[in-house]
Amino acid sequence: MNLLTFTSTKTFRHGIHPRDYKELTKDKPIERMPFSNEYVLPLSQHLGAPSVPVVKPGDKVFRGQLIAEPGGFVSVALHSPVTGKVKAIELHHHPSGKMVESIVIQTDPFSPQTLYHEHEIEWQDLTTQELLIMIQNGGFVGLGGAAFPTHVKLSVPEGKKAQFLIVNGVECEPYLTSDHRLMLENYENVFLGIRIAMRILDVEKAYLGIEMNKPDAIELMREKMPPDLNCEVVPLQVKYPQGAEKMLTEAVLNKEIPSGKLPIDIHVIVNNVGTIAGIGQLFRFGQPLIERIVTVTGPGIQRPANLMVPIGTRLEDVLEYCGGLKDNTRQILFGGPMMGSPQVFLDVPIMKGTSGILCLTDYEVKVREEYPCIRCLRCVDACPVYLNPSRLGALAKKRQYEAMLDYHILDCMECGSCSYVCPSNIPLVQRFRVAKALLREQMAKQKQTG
Ligand code: SF4
Ligand code: SF4
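The numbering of the sequence shown is our numbering, which starts it at 587 and goes up by one.
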């Protein structure tokens, strides 16, 4: 296969070029992790209402069996990742740092762990509504990290019309390679997922955006694309944060999404390639979302790998399977280095939205001394949503949070590009996160008091 037969100038404006460190795992095929003794399934795995348990302590459950049903429209079902017994429903450490109600399942060590009800689903005759309900009951949320319920994302609001589906195979966060491996190893699921999503959205055309640091995936997806599937593989320049919906849409279609608007406002729906592959798997085998691919990586882990991990596996079990941490490891993130969330407890579970486990050492987490702003405007050139991070940073430092609203702080997507390029080491994005949280709290209070 000739890997360098294409070029692309397609990308979005602004953004940054961090070193990607993907060489640690990009050539490592997906390994299936052995089953652990116990799993922890938080009822809040996604944005929206928590799932509602339909099992109780002592109940026997099978791998893939429903254990909690959706708690509303913006909510999804939850399934057991193993055959075993419900040990407890109790508060447990959650990756957000909070204690969250969770179903704890003890694995049956003698079970062959076959799927509860493995079967192909004849989807061609189902209505759009039936397909959406199956996706909700299959427990699907965005696997790129945001964990927004997929059936909601695929429900076009009344009065709007989708014209294109854009599948996000960008994986622009440094270190992460789970989507890359998925495209190389599970392309049939991706193609079926695209077909079903196009049917639901009633669109004629799909695009699959992949950055050019994954030439083997671009080649393979082009080569294997079924001739009757109207999906164009679009090679994109390598740039962060191209995986963000607005940036990806701009890169693929050369159309900007205005401030405060969503992709559907310009007739586009964006879905992560992992989520799309999960939909394919649901309809090919009847398998709900009970496992996902996780990249375990960084200089702090003994054996970097791409693993198929049952949802609910404890972080410490994954680290142990990968040979453990190195002595100088100082920080573990769920996700990548730009937008990942630091973990405090090693017993937190792998969630539906956990794309990677990044283990960083003393060197990467060293706090660098902050200097005054020199007005170089590198942060302005980097910001993908055209904010003025320099000005916003100055206001945040003086805690003039309300004034930040005039500079559109709520449009900040917390991508961290401004902090990355700042030669004065000003922790811009960290300050913006605090400011946004306080402003949102204040606005919610004002709404309550009328
Ligand atoms: S963190 Fe916010 S302000 Fe900084 S570059 Fe990203 S979007 Fe712009
Ligand atoms: S990059 Fe840093 S030093 Fe340069 S203008 Fe922005 S905040 Fe100031």
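Don't be surprised by glycine CBs; every beta carbon is placed ideally from N, CA and C.
**Asked** How many angstroms separate the CA atom of P656 from the CA atom of S688?
**Response** The residue given as residue 656 occupies position 70 in the sequence shown. The residue given as residue 688 occupies position 102 in the sequence shown. Cα-Cα distance, rounded: 15 angstroms.
**Item:** Boundaries of the alpha helix (DSSP H) in which P975 is found, first to last residue
**Value:** Here residue 975 is taken as the residue at index 389 of the sequence shown, counted from 1. Start and end: 975-983.
**Asked** How many Å lie between G864 and T1035 at the Cα?
**Response** The sequence position of residue 864 within the sequence shown is 278, counting from 1. The sequence position of residue 1035 within the sequence shown is 449, counting from 1. Each residue's alpha carbon lies about 43 angstroms from the other.
**Asked** Going straight from the alpha carbon of K810 to that of F734, what length do you get?
**Response** Stepping through the sequence shown from its first residue, residue 810 is reached at position 224. Stepping through the sequence shown from its first residue, residue 734 is reached at position 148. Using only the alpha carbons, I get a separation of about 29 angstroms.
**Request:** Could you spell out the range, first to last residue, of the alpha helix (DSSP H) harbouring H737?
**Result:** Taking the sequence shown and counting its residues from 1, the one referred to as residue 737 is at position 151. Note, H737: alpha helix (DSSP H), 736-739.
**Asked** Using the rule of at least 16 other Cβ atoms within 10 Å of the residue's Cβ for burial, across every protein chain shown, is C817 buried or exposed?
**Response** Working through the sequence shown from its first residue, we reach residue 817 at position 231. With 16 or more other Cβ atoms within 10 Å, it is buried.
**Request:** Specify the secondary structure class of H679 as computed by DSSP and reduced to three states.
**Result:** Numbered from its first residue, the sequence shown carries residue 679 at position 93. Note: H679 maps to strand in three-state DSSP.
**Prompt:** Excluding the five sequence neighbours on either side, which residues of its own chain have a C-beta within less than 8 angstroms of the C-beta of V824, listed in chain order?
**Reply:** Counting from one through the sequence shown, the residue named residue 824 turns up at place 238. Once the five neighbours on either side are set aside, the close Cβ partners of V824 are H603, D606, C758, E797, M798, N799.
**Prompt:** With a CB to CB cut of under 6 angstroms and the five nearest residues on each side skipped, what residues in its chain are close to M587?
**Reply:** Working through the sequence shown from its first residue, we reach residue 587 at position 1. A caution first: M587 carries a pLDDT of 44, below 50, which makes its placement in the model unreliable, though a value can still be read off. So the qualifying residues of the chain are E805.
**Outcome for I960 when other beta-carbon atoms lying within 10 angstroms are tallied against a minimum of 16** = Numbered from 1 along the sequence shown, position 374 holds the residue referred to as residue 960. By the 10 Å Cβ count, I960 comes out exposed.
**Message:** Considering only their Cβ atoms, is the gap separating L712 from V859 smaller than 8 angstroms?
**Reply:** Position 273 of the sequence shown, counted from the start, is the residue given in the question as residue 859. Position 126 of the sequence shown, counted from the start, is the residue given in the question as residue 712. Contact flag unset, no.
**Alpha-carbon to alpha-carbon, F659 and L787** = Here residue 787 corresponds to residue number 201 of the sequence shown, with the count starting at 1. Here residue 659 corresponds to residue number 73 of the sequence shown, with the count starting at 1. Going by the C-alpha atoms only, they are around 18 angstroms apart.
**Prompt:** Is DSSP giving M587 helix, strand or coil here?
**Reply:** To locate residue 587, count along the sequence shown from 1; it is residue 1. Residue confidence for M587 is low, a pLDDT of 44 falling below 50, so the modelled location carries little weight; the figure read from the coordinates is stated next. M587 falls in the coil class under three-state DSSP.
**Message:** Any heavy atom of ligand 1 closer than 7 angstroms to the beta-carbon of F569?
**Reply:** Any answer about residue 569 is impossible in this case: the structure gives the chain only from 587 up to 1036.
**Asked** Can you pull the DSSP bridge partners for G942?
**Response** As a first step, residue 942 must be located in the sequence shown, where it is residue number 356. Beta-bridge pairing links G942 to T881.
**Prompt:** Just checking my contact of C965 with C1001 at CB under 8 angstroms: how many whole Å lie between their CB atoms?
**Reply:** By 1-based counting over the sequence shown, the position of residue 965 is 379. By 1-based counting over the sequence shown, the position of residue 1001 is 415. Between C965 and C1001, the beta carbon gap of about 12 angstroms keeps them out of contact (Cβ cut-off 8 angstroms).
**Where A792 falls: helix, strand or coil (DSSP)** = The count along the sequence shown starts at 1 and reaches residue 792 at position 206. Strand.
**Request:** Determine which residues share a DSSP beta bridge with T947 and list them.
**Result:** For the purposes of this step, residue 947 is taken as residue 361 along the sequence shown, with counting starting at 1. The beta-bridge partner set that DSSP reports for T947 consists of T915.
**Asked** Can you tell me the Cα-Cα spacing of I876 and G730, whole angstroms?
**Response** As a first step, residue 876 must be located in the sequence shown, where it is residue number 290. As a first step, residue 730 must be located in the sequence shown, where it is residue number 144. Each residue's alpha carbon lies about 16 angstroms from the other.
**Asked** Which runs of the beta strand (DSSP E) spanning at least 3 residues fall entirely within the stretch 627-704, listed in chain order?
**Response** DSSP runs (the beta strand (DSSP E)) wholly in the stretch 627-704: 652-655, 670-679, 685-693.
**Request:** With 8 angstroms as the threshold, decide whether the Cβ of D948 is near any Cβ in chain D.
**Result:** No chain D is present in this structure, which holds just one protein chain.
**Request:** Please list the segments of the beta strand (DSSP E) lying wholly inside the stretch 808-894, counting only runs of 3 or more residues, in order along the chain.
**Result:** Residue ranges of uninterrupted beta strand (DSSP E) with 3 or more members, entirely inside the stretch 808-894 and ordered along the chain, are 817-822, 854-858, 877-883.
**Asked** Which partner residues does Y625 have in the DSSP bridge list?
**Response** Walking along the sequence shown from the start, residue 625 turns up at place 39. According to DSSP, which records beta bridges pairwise, Y625 is partnered with I691.
**Prompt:** Counting pairs of beta carbons, one from the stretch 891-901 and one from the stretch 614-630, are three or more of them closer than 8 angstroms?
**Reply:** yes
**Item:** Backbone CA spacing between L589 and V820 [nearest angstrom]
**Value:** Here residue 589 refers to the residue found at position 3 when the sequence shown is read from its first residue. Here residue 820 refers to the residue found at position 234 when the sequence shown is read from its first residue. Confidence at L589 is low in this model, with a pLDDT of 48, below 50, so the placement of that residue is unreliable and no value is reported for it.
**Message:** Using 8 angstroms as the threshold, is the C-beta distance between S666 and V647 below it?
**Reply:** Locating residue 666 in the sequence shown gives position 80, where the first residue counts as 1. Locating residue 647 in the sequence shown gives position 61, where the first residue counts as 1. Their beta carbons are under 8 angstroms apart, which means S666 touches V647 by this criterion.
**Item:** Beta-carbon contacts of G922 that lie in its chain and below 7 angstroms, excluding the five residues immediately before and after
**Value:** Within the sequence shown, numbered from 1, the residue matching residue 922 stands at position 336. Around G922: E759, P760, Y761, L762, G942, L944.
**Request:** Let me know the secondary structure DSSP gives S1047 once reduced to three states.
**Result:** Since the first residue shown for the chain is 587 and the last is 1036, residue 1047 is missing from the structure and cannot be characterised.
**Asked** By DSSP, does A1023 sit in helix, in strand, or in coil?
**Response** Translated into positions along the sequence shown, residue 1023 becomes position 437. Of the three classes helix, strand and coil, the one that applies to A1023 here is helix, per DSSP.
**Request:** Please name the residue, chosen from L751, V882, M925, M1029, that lies closest to Y530 on a Cα-to-Cα basis.
**Result:** What is shown of the chain runs 587 to 1036, which leaves residue 530 out entirely.
**Request:** Would you kindly report the start and end of the unbroken alpha helix (DSSP H) that includes R964?
**Result:** Here residue 964 is taken as the residue at index 378 of the sequence shown, counted from 1. Where R964 is concerned, the enclosing alpha helix (DSSP H) stretches over 964-968.
**Item:** Where the alpha helix (DSSP H) through N754 begins and ends
**Value:** Position 168 of the sequence shown, counted from the start, is the residue given in the question as residue 754. No alpha helix (DSSP H) contains N754, which is instead part of the beta strand (DSSP E) from 750-754.
**Prompt:** Which value, in whole angstroms, describes the spacing of the CA atoms of M720 and E790?
**Reply:** As a working mapping, residue 720 is identified with position 134 in the sequence shown. As a working mapping, residue 790 is identified with position 204 in the sequence shown. Straight-line Cα distance between these residues: approximately 22 angstroms.
**Distance between beta carbons of L822 and V756, contact taken as under 8 angstroms** = What you label residue 756 is simply residue 170 of the sequence shown in a count that begins at 1. What you label residue 822 is simply residue 236 of the sequence shown in a count that begins at 1. Going by Cβ atoms, the distance from V756 to L822 rounds to 7 angstroms, so yes, they are a contact pair.
**Item:** Distance between M833 and I1059 (C-alpha atoms, nearest Å)
**Value:** This structure leaves residue 1059 out entirely; the chain is present only between 587 and 1036.
**Prompt:** When the Cβ atoms of the stretch 967-980 are set against those of the stretch 914-929, are three or more pairs found closer than 8 angstroms?
**Reply:** no
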